[in-house]
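What follows is a short report on a single structure.
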Amino acid sequence: MAFINFEEKELRTLKACMNCYYLNSYQSSSCANCRETNLIQEYNGMVGLLDPSSSYIVKLIRSYSKYGGDLIPGFYAVKIEEEERLDGDD
Ligand SMILES: [Zn+2]
């Protein structure tokens, strides 16, 4: 697990993907990881994934995001407010 210091202003401009929880820059119109276009700024916490072959972090992110696809290195939200999540049909 890795930690990074963000300026508070930068932190607020990141947008979490509602599908895989990947944190995208505020300029992004779609997720760099899964191409989903539902990106929101309301999320809590972040976890760093430096090495996708490190199964612990991948399993952790998948366990709460319910996303089963590949995960690219980067930062992922820990929690997206439930009322902001769209209902999936899985
Ligand atoms: Zn995504």
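The opening position of the sequence shown corresponds to residue 170 in this note's numbering, with each subsequent residue numbered one higher.
Cβ coordinates follow ideal geometry from the N, Cα and C atoms, glycine included.
- Nearest neighbour of A246 by Cα position, chosen from G238, D239, G237 and L229, turns out to be L229.
- Counting only the Cα atoms, R231 lies some 6 Å from G237.
- For E205, the Cβ falls inside the 7 Å cut-off from some heavy atom of ligand 1.
- Assignment of K228 by DSSP, reduced to helix, strand and coil, places it in the helix class.
- Beta-bridge partners of N207 (DSSP): none assigned.
- Using a cutoff of 7 Å, the CB of Y195 does not count as near ligand 1, since none of the ligand's heavy atoms is closer than that.
- Residue environment for K184: buried (at least 16 other C-beta atoms within 10 angstroms of its C-beta).
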